[in-house]
Structures are given as C-alpha cells and as structure tokens.
Amino acid sequence: MADTALLTESALGWSIFAFVLLVILAFCWVYIRKYQSRQESEVVSTITAICALAIALITSALLPVDIFLVSYMKYPNGTYKEWAASNETRGPVENTVLYGYYTLYIIILFCVFFWIPFVYFFYEERDDDNVNKCSQVKNALKYTVGFLVVCSALLLIGAFVPLEAPPNQNSTQWEKVQYLFEELGSSHGLAALSFSISSLTLVGMLAVITYTAYGMSVLPLNLIKGTRSVVYERLENCEDMEEVEHQIEKLKSKCEDGRPLSSRDRRTLQDLESRLRVLHRRERHLEVAAKNCCTHVAGALRPVKIVMGVFFILVALLFTVALFISNLDKALHSAGINSGFVVFGTNITNPLNELLLALQPVFPLDYILITVITMYFVLTSMAGIRNMGIWFFWIRLYKIRPQRTRPQALLFLCMILLLIVLHTSYVIYSLAPQYVMYGSQKYRVPSKVLLANGSPGNSTVEIPRICDADAPTDQCTVTRSYLFLHKFWFFSTIYYFGNWGFIVVFLIGLVVSCCKGKKSVIEGEVEADDSDMSDEEYLH
Numbered sequence: 190m191a192d193t194a195l196l197t198e199s200a201l202g203w204s205i206f207a208f209v210l211l212v213i214l215a216f217c218w219v220y221i222r223k224y225q226s227r228q229e230s231e232v233v234s235t236i237t238a239i240c241a242l243a244i245a246l247i248t249s250a251l252l253p254v255d256i257f258l259v260s261y262m263k264y265p266n267g268t269y270k271e272w273a274a275s276n277e278t279r280g281p282v283e284n285t286v287l288y289g290y291y292t293l294y295i296i297i298l299f300c301v302f303f304w305i306p307f308v309y310f311f312y313e314e315r316d317d318d319n320v321n322k323c324s325q326v327k328n329a330l331k332y333t334v335g336f337l338v339v340c341s342a343l344l345l346i347g348a349f350v351p352l353e354a355p356p357n358q359n360s361t362q363w364e365k366v367q368y369l370f371e372e373l374g375s376s377h378g379l380a381a382l383s384f385s386i387s388s389l390t391l392v393g394m395l396a397v398i399t400y401t402a403y404g405m406s407v408l409p410l411n412l413i414k415g416t417r418s419v420v421y422e423r424l425e426n427c428e429d430m431e432e433v434e435h436q437i438e439k440l441k442s443k444c445e446d447g448r449p450l451s452s453r454d455r456r457t458l459q460d461l462e463s464r465l466r467v468l469h470r471r472e473r474h475l476e477v478a479a480k481n482c483c484t485h486v487a488g489a490l491r492p493v494k495i496v497m498g499v500f501f502i503l504v505a506l507l508f509t510v511a512l513f514i515s516n517l518d519k520a521l522h523s524a525g526i527n528s529g530f531v532v533f534g535t536n537i538t539n540p541l542n543e544l545l546l547a548l549q550p551v552f553p554l555d556y557i558l559i560t561v562i563t564m565y566f567v568l569t570s571m572a573g574i575r576n577m578g579i580w581f582f583w584i585r586l587y588k589i590r591p592q593r594t595r596p597q598a599l600l601f602l603c604m605i606l607l608l609i610v611l612h613t614s615y616v617i618y619s620l621a622p623q624y625v626m627y628g629s630q631k632y633r634v635p636s637k638v639l640l641a642n643g644s645p646g647n648s649t650v651e652i653p654r655i656c657d658a659d660a661p662t663d664q665c666t667v668t669r670s671y672l673f674l675h676k677f678w679f680f681s682t683i684y685y686f687g688n689w690g691f692i693v694v695f696l697i698g699l700v701v702s703c704c705k706g707k708k709s710v711i712e713g714e715v716e717a718d719d720s721d722m723s724d725e726e727y728l729h
C-alpha cells in the first residue's frame, strides 16, 4: 500500500512536469523564431538558443516538483506518511530530484562555458569571401578555452574550499588534504556544482537588477499608455522630411556659383542627408503599419491591453512589496550577515508566501503560480532587454528586434535570459522563503494542556506547527533546491543586498517610464545604423 502511494504521488508530480516540459519547448521555439533575423538566420545558433532557454526554464519548472514531493511526505497533522516513515524510503525520492538538478546544472555549465561561447565565436570568425570551416572551428575553440578555464577554477574552488575547519586543528598538511577529499566524496560534488551555479546566479542577479527591474515597470506602462496614432506619425514624419529637404536645398544653394562648401557645411549636409534617408525609411515602415491588419486589431484590443497593463503593474507592486517585507524580516530578525541572513521562523507575514502555502495542498495550483511567476520574469526581462538593448558598460553591442536579431545577439539574449532564470529560483525564495524551503510540511511539538482557568496543566499533547529554519532536521525535509542555493552563506548575503538594489532600480524605472510619452507604432524598427538591405527584406 505504501509503495502504491509513493508511486502514485511521484507519478503525479513528474507527469505535470512532463507536460510543462512540452509547453516550455513550444514556447522557446516560437520565442526564438519570432526574434531571429530573416536575413542572417543560422540553424546552429537557432537550435542553440532554443535549447539554452529551454534548459533554463526546465530547471525552474523542477522547483515546484521538488516542493511537492517533500510536502507530500507528510500528513497535515505533521506525521510522516507510511511510505515516508524512514530515511531509506525518503532517500530515493529526494535523490531523484537531486539527480535531476545535477543533470540540468551540468548541462547549464556546458552551455554557458563551452557551447554558447563556441557557437558565438564560430560565427564571429566567419568570412563570407573565403570560408574556411577548419580555421573557424580552431579559432572558436581557442577563444572558448578561456571560458573552460573559468569553469574549472569555479569547480575547484567549490570542491576544495572547506565550509568547516578540519576537526583536528593539529593535523598534518597531508591529513588536511585527505579531509578535503573525504568532504568532496561525501557531498558527491554538491559543493563544487553549487559554487559554480551560485557564481552564475550572481551574474544573473546583475542582469535581473539591470533588465528585469526596468522591464517590470516599462512593460505594463507601455500597455496602459499604448502607441501613437499612425496617421499622426505619418503627418509628423512628412513635415520633418519637408523641413530637412528645405535645409538641404538651402545648403546646396550656397555652391550654385561654383564656390565649394566649407567643411562645417559639408558635415551638416552629410548629417541632413543621413537623417533624410532615415525619415524616408520611417515613411515606408509607417505606410506598411497603416495597411497592416494587426495595427487595426491592436486598436480594437486597446481595452484588453489596458486591463493587462493594470494587472501587470499590480503584480509588479505585489512582488516588490513581498520582496521588501522579506528583506525587512531578514534585516530585523535574521541570524546576521555571517549566516547569509537566515531567518528562524515567520516574524512578518509575507502575502505571497501565505498564498503559495494555501495553494500548495491543491496540486498543481502552486505549480501553475510558480510557472506564471517564472514566465512573468522572462517576459519582463525581455521587455527590459528590448528597450535597452545589450550593453557592455556604455557600449551597446546588439539590438533585440522582432525578425531582425542577429545570430550572435540571439546567443547573448539567451545567455542573459538563462542567467536571469537561474536567479529566479532565489528571487522566488526571497518572495516566499518558507514555501521554497519546506513547502507545506508541519512537525509536531509537545504543548501543555491548558486548564479551565487558563493556566498550564501537567499533561502534554502534540500539536502541529509549520516547518521553518528552527525545526528539527529529522522532522522536516529541506528541498534540494534550497541546498543548492544556500550551500555558501556569502552568496546569500550578496543576494540579500542585490534584492535592495532590485527594489531601488524598479522604483527608478517606474518613475522614468511614467515620465516618458507614448512609444511609436514602429518602435525599434528604424535605426540610423540599419542597412538598406536589411530594411528592404524586413518590409517584404
């Protein structure tokens, strides 16, 4: 009977995960195909981008399965179910999720430190006039070696930097080395992999602060404000063209008598002619937009967009408030900076944490909510990246535009999104720490029975209590995800301060987005540095 219950509950969790897996693959294919360039489409880069984004989303989808399995080991009264009464029966279930994380995280390391850099440098080394595949592969491998060195260094640091001092401080150097290898073997490489993934998550935190925080404000406000009228934009563009043409004719009239233009006038003339070409291209794009049926459908769906924008901004404010409450709780009641701001017990009510705990027993409602949160982060991150572009400090490397994104930019995009989704696991922990750590588990604690006059009596009774960081380790099972996220306390400390940075950037982005006017109906389609060839292909 116990084996049947174990099989049924495990199959339920993994069957929902398999369904979400198919949805993720379909979403990644549509998402990448929407943004890839028609002119420079490459099969290898497209497949690489789809797989990288899918692996990141699948890793996040494993989190609810992890929480579901540890939660369903116990009854609501805090006692273990028959099939989970001993460590021998709980171990295989926990290890299944752990091996799933091992597999996905190893694939992520492979993508980040080898495959994506290799494909990127392979296309960077391409020469259209004299294609030499062997030379391309050799040069791409040469540049990729640097990423492999970084990956190896992270794995070695995570494997051999001890989290605890050797038990015998007077031991010899060889005995200390033996202790390090014994620790590595006992953890099955968990520390090495956790350190590497946490380092990538740290980079993902910077991307979340930069792109996601801004995207959470710009996406809903753009939906609420809408776009400018096509008719008005065409009229304004025609007036700008007439003005520029008049300025060009005025400059050219200076040399009608054969006198050459001054260097200053020549530079001005070149700038005006360049601006006129951009205005003509804008006119062609606006003409296509005016005839496009999607523009008229978007106008008809204007009320729906406003409702979606209001919903998204409310969700963003809910996340920000929940994150602020979680950080405030850590600042006031945590064990300190040296513990990674671990909080023992629930001191301040977190609305999102309470909502997830309420939905968790009715599987898969919490799974759906976690998936929606993850996809919300992806969409808002993409909105931030599309509005800002991909930057290296003050230098813009690539622009992200539908059907016009270069293969290298797609790889950069998926690398950033992969790192963002990795950090999403910690963001969800910050939003709902108790849920991510223990799910809906409870444990039994003895309590004295109160007498009629309200004073405690001599007899005791066991009452259920929600599991928290102060619970006994043999009574509450920690999720495997939590072990990966909090193996090293200093990463948790950095994430804590990163959450404050996220809140500040979101508020700044909200003010900036509110001050901006409506965006153009062809926003991002026409840029001064676009080639006429790519413009013509896009229009046709």
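Under our numbering, the residues of the sequence shown are numbered 190 to 729, in order. Just so you know, even glycine gets a beta-carbon here, dropped at the ideal spot from N, CA and C.
{"Item": "Glu434: CB within 7 Å of a non-hydrogen atom of the ligand GDP", "Value": "What this structure holds is no ligand at all, so the ligand GDP is not there to describe."}
{"Item": "Simplified DSSP assignment, three categories, for Ala207", "Value": "helix"}
{"Item": "Residue environment, Ser452, which counts as buried when at least 16 other CB atoms sit within 10 Å", "Value": "exposed"}
{"Item": "Distance between Phe500 and Leu506 (C-alpha atoms, nearest Å)", "Value": "10 Å"}
{"Item": "Run of the alpha helix (DSSP H) containing Ile296, from where it starts to where it stops", "Value": "276 to 299"}
{"Item": "Alpha-carbon spacing of Leu512 relative to Leu599, whole angstroms", "Value": "31 Å"}
{"Item": "For Trp678, the first and last residue of its enclosing alpha helix (DSSP H)", "Value": "678 to 704"}
{"Item": "Cβ contact (3+ pairs, closer than 8 Å) linking the region 306 to 316 and the region 250 to 261", "Value": "no"}
{"Item": "Candidates Asn688, Glu472, Glu462: closest to Asn426 by CA position", "Value": "Glu472"}
{"Item": "Host alpha helix (DSSP H) of Leu252 (start-end)", "Value": "232 to 260"}
{"Item": "Gln358 in three-state terms, based on DSSP", "Value": "The predicted model places Gln358 with a pLDDT of 48, which falls under 50 and marks its position as unreliable; any figure quoted below should be read in that light. Correct three-state label for Gln358: coil."}
{"Item": "Uninterrupted beta strand (DSSP E) stretches inside the region 511 to 551 (no shorter than 3 residues)", "Value": "none"}
{"Item": "Pick from Ile413, Thr594, Gly687, Leu546 that is closest to Ile655, judged by C-alpha positions", "Value": "Leu546"}
{"Item": "Ile537 versus Ala520, Gly498, Val407, Ser528, residue with shortest Cα-Cα distance", "Value": "Ala520"}
{"Item": "Integer-rounded CB distance, given that Leu410 should sit under 8 Å from Cys703", "Value": "7 Å"}
{"Item": "Nonlocal neighbours in the same chain, by C-beta distance under 7 Å from Tyr684, ignoring five residues either side", "Value": "Met394, Tyr615"}
{"Item": "Cβ-Cβ separation, Leu606 to Ala245 (assumed contact under 8 Å), whole Å", "Value": "7 Å"}
{"Item": "Residue span of the alpha helix (DSSP H) that contains Arg590, given as start and end", "Value": "Note, Arg590: premise wrong, no alpha helix (DSSP H); not H, not E."}
{"Item": "Host beta strand (DSSP E) of Ile579 (start-end)", "Value": "579 to 581"}
{"Item": "According to DSSP, residues forming a beta bridge with Lys263", "Value": "Tyr269"}
{"Item": "Three-pair Cβ contact test at 8 Å for the region 295 to 310 versus the region 323 to 336", "Value": "yes"}
{"Item": "For Tyr332, the residue or residues it bridges with in DSSP", "Value": "Answer by DSSP bridge pairing: none, since Tyr332 is not bridged."}
{"Item": "Given Trp678 as reference, the closest of Ser388, Leu344, Ala243, Gly280 once Cα atoms are compared", "Value": "Ser388"}
{"Item": "Pair within 8 Å by beta-carbon distance, Pro596 and Ile205", "Value": "no"}
{"Item": "Classification of Ile236 by the beta-carbon crowding that lies within 10 angstroms, buried from 16 upward", "Value": "exposed"}
{"Item": "Nearest-angstrom Cα separation, counted from Met604 out to Ala238", "Value": "8 Å"}
{"Item": "Simplified DSSP state of Arg654, which is helix, strand or coil", "Value": "strand"}
{"Item": "For Tyr618, the residue or residues it bridges with in DSSP", "Value": "DSSP lists no partner for Tyr618."}
{"Item": "Reduced DSSP secondary structure (H/G/I, E/B, other) of Thr666", "Value": "coil"}
{"Item": "Identity of the residues DSSP links to Thr560 by a beta bridge", "Value": "For Thr560, which the question treats as bridged, DSSP gives no partner whatsoever."}
{"Item": "Environment of Lys480 [buried if 16+ CB atoms lie within 10 Å]", "Value": "exposed"}
{"Item": "Beta-carbon contacts of Phe680 that lie in its chain and below 7 Å, excluding the five residues immediately before and after", "Value": "Ser387, Leu391"}
{"Item": "Where Lys322 falls: helix, strand or coil (DSSP)", "Value": "helix"}
{"Item": "Member of Arg222, Ile557, Leu490, Ile398 whose CA lies at the smallest distance from the CA of Ile413", "Value": "Leu490"}
{"Item": "Span separating the alpha-carbon of Thr399 from that of Arg279", "Value": "41 Å"}
{"Item": "Where the alpha helix (DSSP H) through Glu422 begins and ends", "Value": "419 to 441"}
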